[in-house]
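Student: Under mature numbering (1 follows the signal peptide of the UniProt record, and there is no 0), the letters of the sequence shown match residues -26 to -1, 1 to 355, in that order.
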Amino acid sequence: MANILRLASLSVFFFFIIYSPLFSNALSDCNGPCRDLNDCSGQLICIDGKCNDDPDVGTHICRGSSPSPPSGNCQPSGSLQCQGQIYPTYKCSPPVTSSTKAKLTNNDFSQGGAGGGPSECDEQYHSNSERIVALSTGWYNGGSRCEKMIRIKASNGKNVTAKVVDECDSMRGCDEEHAYQPPCKNNIVDASDAVWSALELNKDVGIVDLICTNSKCNDDPDVGTHIRRRSSPAPLRGNCQPSCPLRCEIKTYTTYKCSPPVISSTKAKLTISDFNQGGDGGDRSKCDEQSHDNFERIVALSIGWYDGGSRCGKMIRIMVSNGKSVTAKVVDECDSMHGCDAAHAYQRPCNSKIIDGSNAVWSALELNKEKGIEDVTWSMA
């Protein structure tokens, strides 16, 4: 949903500034010593104390004379033309290190705001009084950082923790779902008004540096990260990435051929379905080609978890934060690849991490069916 909403953006640098001996006033060329951008000539920037090409610009001034880019260097994957302008698209973001450099931009997460559709993590809109952010596609990492807290620090001494609720799409844009905004760059933290206010920063213009406490950048004990111990983690095995988009009337939806890996306590979103004949669940259940009564404790699983029917008839245990749990039988697939037709009751495709439960499941868990979506964990019973 989220895209860059202001041309003037704030640079937040998640890196430890290394101070070198004093330089002369002369500008440095490729591999020359530097302390900041002002020490390098032309379009070169200061990286690790040396002037080099800017990976965000894509110049090759130092090619042949400079060291090869780091293995985690993120290059554009293609381009997208929007209203006569061409924008680079990215499937990746720069590696997450102990102090990651980013651009902080401003987004409206409320319904009807300029941020586009509901947030990807929970399919909900949010008040801009919440301290929340969207991350570029690579950092969003297929939703693996959903609901996690990050800390943003500014050189004015202010810092704030904020919750990840959405993806700042670096692959797509210029449509209604993205509020007709261009794709995000690959190094964006798109934040609510509350985040900007907490940092006491000017939303219209500003560039500040991250500051490090006790002269060292390290994990934030308040957030509970472990970046220092594993500075550039590999993607989770089985990490589920979106497949081709599906257009329904005027909206475009993400589709998935996979789901997150199943572990001993797998995070999911519990939704509600009507399994009756003629209900909003669509056709008969895939496992047995039957319609079912909603007093049965039954579920449909997202396409990856359904796994071609291998979990048909099996029991799973669903647990919620109120301490309640219930076992339910898998009878159907919550289709993450198709939708918007009669077979799917004209519903959009499911997300990749959905357990679509009957009324009986919701009642057993003592959840409010009116809410329609709940965070749960599940395992095989």
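C-beta: ideal position from N, C-alpha, C; glycine also.
Since the structure is predicted, the reported quantities are computational estimates derived from the model, not experimental observations.
1) Would Leu244 and Gly331 be called neighbours here (beta carbons separated by less than 9 Å)?
2) On the DSSP bridge assignment, give the partners of Tyr61 in chain order.
3) Span of the beta strand (DSSP E) holding Gly112?
4) Among Thr71, Lys298, Lys260, Ser310, whose alpha-carbon lies nearest the alpha-carbon of Cys286?
5) Using only CA atoms, which one of Ser326, Glu174, Cys56, Gln264 lies nearest to Lys127?
6) For the alpha helix (DSSP H) containing Asp278, name the first residue and the last one.
7) For my contact list, Met293 and Ala355 are in at a C-beta cut-off of 8 Å; report their separation, rounded to the angstrom.
8) Rounded C-beta distance between Thr111 and Ser67? I'm assuming under 8 Å.
9) When DSSP labels each residue in this structure, what does Val335 get in the three-state scheme?
10) From which residue to which residue does the beta strand (DSSP E) around residue 375 run?
11) Given this structure, state the Cα-to-Cα distance separating Asn160 from Ala338, to the nearest angstrom.
12) Taking the C-alpha atoms as reference points, what is the distance between Val70 and Ile124?
13) With DSSP collapsed to three states, give me the class of Asp330.
14) Does the Cβ-Cβ distance between Tyr227 and Gly346 come in under 9 Å?
15) Going by C-alpha to C-alpha distance, which of Gly282, Cys56, Val273, Arg146 sits closest to Ala242?
16) Are the Cβ atoms of Cys214 and Ser233 separated by less than 9 Å?
17) When we look at the beta-carbon of Thr301 and count the other beta-carbons within 10 Å, is it buried (16 or more) or exposed?
18) Apart from the five residues just before and just after Gln251, which ones in its own chain have a Cβ nearer than 6 Å to its Cβ?
19) I need the straight-line Cα distance from Pro235 to Cys8, nearest angstrom please.
Tutor: Reading off the structure:
1) In this structure, Leu244 lies near Gly331, with their beta-carbon atoms less than 9 Å apart.
2) Paired residues: Leu54.
3) Unbroken run through Gly112 is the alpha helix (DSSP H), 111 to 114; no beta strand (DSSP E).
4) In terms of CA proximity to Cys286, Lys260 leads the group Thr71, Lys298, Lys260, Ser310.
5) Ranking Ser326, Glu174, Cys56, Gln264 by CA distance to the CA of Lys127 puts Glu174 first.
6) At residue 278 the sequence reads Gly, which differs from the Asp that was named. 277 to 280 is the span of the alpha helix (DSSP H), which, as asked, contains Gly278.
7) No, Met293 and Ala355 are not in contact; Cβ-Cβ is about 11 Å, not under 8 Å.
8) The pair is a contact, with the Cβ atoms about 7 Å apart (cut-off 8 Å).
9) In the structure shown, Val335 falls within a helical segment according to DSSP collapsed to helix, strand and coil.
10) The question about residue 375 has no answer, for the chain in this structure spans -26 to 355.
11) Each residue's alpha carbon lies about 43 Å from the other.
12) Computed Cα separation, rounded: 12 Å.
13) DSSP places Asp330 in strand when its eight states are reduced to three.
14) Result no, Cβ atoms of Tyr227 and Gly346 do not sit closer than 9 Å.
15) Measuring from the Cα of Ala242, the nearest candidate turns out to be Val273.
16) Remark: C-beta atoms of Cys214 and Ser233 approach each other more closely than 9 Å.
17) It is exposed - the Cβ of Thr301 has fewer than 16 other Cβ atoms within 10 Å.
18) Cβ-Cβ distances below 6 Å link Gln251 to Ser265 in the same chain, with the five nearest sequence neighbours on each side left out; the list follows chain order.
19) Each residue's alpha carbon lies about 45 Å from the other.
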